[in-house]
Structures are given as C-alpha cells and as structure tokens.
Amino acid sequence: MDKKYIIKEIRRFVAQNQLLLPREDSWRTPLVGFCSSHDPLFNELKKVVSPTHSLPHDLLSSAQTVIAFFISFGKSISKSNKEGRLASREWAELYIQTNNLINELGEHMKFLLGAAGYETVAPPATHNFNKEQLISDWSHRHVAFIAGLGKFGLNNMLITKSGCCGRIGSLVISLDIPADERPVEESCLYRYDSSCLQCVGKCVGSALFPDRFDRNNCYEMCKENEEHFKALGKADVCGKCLVGLPCSWANPVDAIQKKPNIAKVGHRKDVYR
Ligand code: B12
Ligand code: SF4
Ligand code: SF4
Numbered sequence: 000m001d002k003k004y005i006i007k008e009i010r011r012f013v014a015q016n017q018l019l020l021p022r023e024d025s026w027r028t029p030l031v032g033f034c035s036s037h038d039p040l041f042n043e044l045k046k047v048v049s050p051t052h053s054l055p056h057d058l059l060s061s062a063q064t065v066i067a068f069f070i071s072f073g074k075s076i077s078k079s080n081k082e083g084r085l086a087s088r089e090w091a092e093l094y095i096q097t098n099n100l101i102n103e104l105g106e107h108m109k110f111l112l113g114a115a116g117y118e119t120v121a122p123p124a125t126h127n128f129n130k131e132q133l134i135s136d137w138s139h140r141h142v143a144f145i146a147g148l149g150k151f152g153l154n155n156m157l158i159t160k161s162g163c164c165g166r167i168g169s170l171v172i173s174l175d176i177p178a179d180e181r182p183v184e185e186s187c188l189y190r191y192d193s194s195c196l197q198c199v200g201k202c203v204g205s206a207l208f209p210d211r212f213d214r215n216n217c218y219e220m221c222k223e224n225e226e227h228f229k230a231l232g233k234a235d236v237c238g239k240c241l242v243g244l245p246c247s248w249a250n251p252v253d254a255i256q257k258k259p260n261i262a263k264v265g266h267r268k269d270v271y272r
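Just so you know, we're using numbering that gives the first Met the number 0 here: the sequence shown kicks off at 0 and counts up by one.
(1) Who sits around ligand 2, taking every residue whose Cβ is closer than 6 angstroms to one of its heavy atoms?
(2) Could you tell me which residues DSSP pairs with TRP26 in its beta bridges?
(3) Have a look at ASP179 and LYS150 and give me their C-alpha separation to the nearest angstrom.
(4) Pick out whichever of ALA124, GLU92, LYS201, GLU89 has its Cα sitting closest to the Cα of GLU106.
(5) Considering only C-alpha positions, which residue in the set PHE128, LYS130, ARG88, TRP248 is nearest to ALA230?
(6) CB of ASN98 to nearest heavy atom of ligand 1: below 8 angstroms?
(7) Run the proximity test for ALA206: is its beta-carbon closer than 8 angstroms to any non-hydrogen atom belonging to ligand 3?
(8) When we look at the beta-carbon of GLU23 and count the other beta-carbons within 10 Å, is it buried (16 or more) or exposed?
(9) In terms of residues, what are the limits of the beta strand (DSSP E) holding VAL242?
(10) By Cβ distance below 6 angstroms, which residues in the same chain neighbour SER186 in space, the five residues on each side in sequence not counted?
(11) Considering only residues of the same chain and omitting the five flanking positions on each side of LYS239, which have a CB-CB separation below 6 angstroms?
(12) Would you say ILE167 and LEU104 are within 9 angstroms of each other, going by their C-beta atoms?
(13) Which residues does DSSP pair with VAL171 in a beta bridge?
(14) Taking its Cβ as the centre, do 16 or more other Cβ atoms sit within 10 Å of LYS263, making it buried, or is it exposed?
(15) Is GLY113 near ligand 1, going by C-beta to nearest heavy atom under 8 angstroms?
(16) With H, G and I counted as helix, E and B as strand and the rest as coil, what does DSSP make of LEU104?
(17) Ligand 3 and LYS239: does the residue's C-beta get closer than 8 angstroms to at least one heavy atom of that ligand?
(18) Measuring alpha carbon to alpha carbon, tell me which residue in THR97, GLU225, VAL242 is nearest LEU19.
(19) Run through DSSP, which three-state label would THR97 get?
(20) Quick check: the Cα distance between GLY83 and SER205, rounded to an integer number of angstroms?
(21) By the three-class DSSP mapping on this structure, what secondary structure does SER135 have?
(22) Would you check if the distance between the CB atom of HIS126 and the CB atom of LYS7 is smaller than 9 angstroms?
(23) May I ask you to check if the CB of LEU30 is nearer than 8 angstroms to at least one heavy atom of ligand 1?
(24) How should PRO21 be labelled, buried or exposed, when 16 other C-beta atoms within 10 angstroms of its C-beta is the threshold for buried?
(25) Excluding the 5 residues flanking GLN15 on each side, which residues of the same chain have their C-beta closer than 7 angstroms to its C-beta?
(26) Can you tell me whether ASN129 is helix, strand or coil according to DSSP?
(27) At a cut-off of 8 angstroms, would you count CYS217 as near ligand 3, judging by its Cβ distance to the nearest heavy atom?
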C-alpha cells in the first residue's frame, strides 16, 4: 500500500458516494496531502490553536503519517449559497452529507489499512469542538496546512488548488508515507498583495473584518441556520464568506502568477505564519 493507492482509493470512494446523491455535481475530485506525524509544526499547534491541541501520537501511539483531504463542492452548490442572509438548502444538505461522507471514508480507510496490518484513527469531520471557546483539539485545516494542501485566507478558510468551498478531513495512520511539499506563496489575494477583501463584504453575521474575526457572532449565524434547517438534521452552517469569490474554486494567486509556487518544506522560515 502506497501514496498512489491511498489517493486513488479516497477519490474512488468519493466518486462512488457521489452516485448515491440526487445532484450529479455535489463533490469535485478530492485533493489529498501527506505529512509525517513527527513534523515539528504539530507542536506549534499548541501555540497557534490551543494548548490542548492533540499531537498525532496522542491519537495513535504508532502514528507515522497524517493524511489530509479536501472535498470541494460542485460549482452549483456554491452558487446556490450566494444570495440572501440564510444559507441555501443545498448548502445545508451538502454540509450534512459531506460530514457523513468524511466519517464513512474514515471507517473505510480504517478497514482497508487494517486489512494490510496498519492502524488508523479518523477524527470526526466536525462538532468535536468546545462550545464555549469554539475551538477543537484537532483542527483539520491546520493539519491540512501541514500536509501541504493550501494556505489560510482572510476568511479563515484553507485555500487549496481547488479553492476553499468544501470540507476537510484527516487521518492518522501507522504506515510510513513520504510527506508532500508545502506551497510557499500565499493563496489569498489580501495576504499576497493587500487587495480583494471581498469575503469581508459578504459576511452576514458581523463576524468577519479585515483585522479580526468574531467567532461567537459567526456561531450565532450558524445556529440561526441550524434552527431554520432543523428538519434536515444538524446544519449549523452559513458560508456566505466562501462563495462567489476569487478563492471559491481556485487559488487566485496561482491564477495571477501562472507559475509553480512549490518549494521544499522548510525553505522559508516564516512558512508557518
Ligand atoms: C469550531 C469550528 C467553527 C466555529 C468557529 C470557527 C472559527 N474560525 O473559529 C464556528 C461554528 C463559528 C465555525 C464556522 C464555520 N465553519 Co467551522 N469549524 C470548526 C471546527 C470544529 C474547529 C475549528 C478550530 O478549532 N479552529 C481553531 C481556531 C483557533 O483556528 P481557526 O478557526 O482555524 O482560525 C485560524 C486561522 O484563521 C488561522 N490562520 C489565519 N491565517 C493563518 C496563517 C497561518 C500561516 C496559520 C498557520 C494560521 C492562520 O489562525 C486562526 C487561529 O489559529 C472545524 C473542524 C475541525 N475539527 O477542524 C470546522 C471548520 C474549520 N469549519 C469549516 C467551515 C466551512 C465553517 C463555515 C463556513 C460554516 C459552514 N460550513 O457553512 C463557518 C466559517 C467561519 C469562518 N469564516 O471562519 C471547515 C473549513 C474548511 C476550509 N476550507 O477551511 C472546517 C475545517 C470543517 C471541515 N471539516 O471542513 N466553525
Ligand atoms: S475573498 Fe479575497 S481576501 Fe477574502 S479570502 Fe478570498 S482571496 Fe482572500
Ligand atoms: S460563516 Fe457567515 S457569519 Fe461566519 S464569517 Fe462567514 S459570512 Fe460571516
């Protein structure tokens, strides 16, 4: 079992589950990234996220590798969420479906790797956070950053090659797989050249500003949608600051640079901040 096999299997699982949904374009091809569970950046998460943030070895003592994957949403789903104060029904439904998909994919990979003699821990897609602090002890997007899937946007999202409209999952496994390289260049236009700021203008919950993010206000907005869509299940969503933007479906900095932006891990001292 190697990197190629794992990427293929994750993509196959998502494509197969896509067939079970009424909409043909719910999910695009997932991106998959790998990093060593011994990567020193994991220790930094105790400072950047929270002192109680887990290390891969806290989740799995035999950990060797962490896999992160980004399941991007189809364009019609993102478009459906552009208008209005409340989230679209499509956005709310796909949130629930994607959380289920991430959890099922975790179980599937656990089974496959287990059959080959390896251990896997698959943290849930979400709702593994402290309801007071609104912080999780396993932040998928920071893990995905370490695994080279993208860089953070002003809207807080991890902006990948396929943009930021989508959801992230991660797995800790005992199989040793070579790490991927991390991008060096920013992927948010504001962080690249102080332009854009479009996500700030989209916020419907008085939560996102050029210089700060009010996670409590954001959660209030998500809970308003949860109440509105309660017949669907738990849909504490919003996502207005993700849609109709230059970073929704692609890395906009890549698009303007039109040149490869990959360098060796550790090439820049400030790669983490
Ligand atoms: C708690 C939580 C929330 C809370 C608080 C969110 C927040 N930003 O604080 C609430 C309920 C409000 C929320 C809202 C949303 N969430 Co939420 N949420 C989570 C959860 C469970 C944990 C996040 C966490 O603990 N973060 C820790 C805090 C401290 O960090 P942070 O919020 O990520 O913010 C950091 C970055 O901005 C970072 N940063 C900024 N610039 C840079 C630069 C560098 C170099 C680095 C290292 C860091 C960095 O610094 C901040 C502090 O570290 C994760 C699932 C998980 N377990 O990972 C999903 C998750 C983050 N949410 C997600 C989404 C999509 C949303 C919503 C759009 C709702 C929706 N689905 O419609 C909104 C977006 C709000 C926003 N603009 O940030 C996705 C993000 C996908 C992506 N592309 O990044 C996640 C990863 C769920 C998933 N499985 O995909 N969420
Ligand atoms: S909308 Fe613009 S400023 Fe906001 S995250 Fe995307 S690229 Fe950055
Ligand atoms: S998810 Fe909604 S409330 Fe939260 S920052 Fe984005 S637009 Fe604002």
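We put the beta carbon where it would ideally sit given N, CA and C, even for glycine.
This one's a predicted model, so the numbers in the text were calculated from it and none came from an experiment.
Put simply:
(1) With the cut-off at 6 angstroms, the residues found are GLY152, LEU153, ASN154, CYS187, LEU188, TYR189, CYS195, LEU196, GLN197, CYS198, LEU244, PRO245, CYS246, PRO251.
(2) PHE72
(3) 14 angstroms
(4) ALA124
(5) Checking every option, the nearest Cα to that of ALA230 belongs to ARG88.
(6) yes
(7) yes
(8) exposed
(9) Per DSSP, VAL242 belongs to no beta strand (DSSP E) and is neither H nor E.
(10) GLY149, LYS150, ILE158, ASN250, VAL252
(11) LYS201, VAL203
(12) no
(13) VAL65, VAL120
(14) Summary for LYS263: the model assigns pLDDT 36, below 50, so the residue's position carries little reliability; its value from the coordinates is reported in the next sentence. Counting Cβ neighbours within 10 Å, LYS263 comes out exposed, since fewer than 16 surround it.
(15) Short note on GLY113: C-beta not closer than 8 angstroms to any heavy atom of ligand 1.
(16) helix
(17) yes
(18) THR97
(19) helix
(20) 15 angstroms
(21) Note: SER135 maps to strand in three-state DSSP.
(22) no
(23) no
(24) exposed
(25) none
(26) Residue state, collapsed to three classes: strand.
(27) yes
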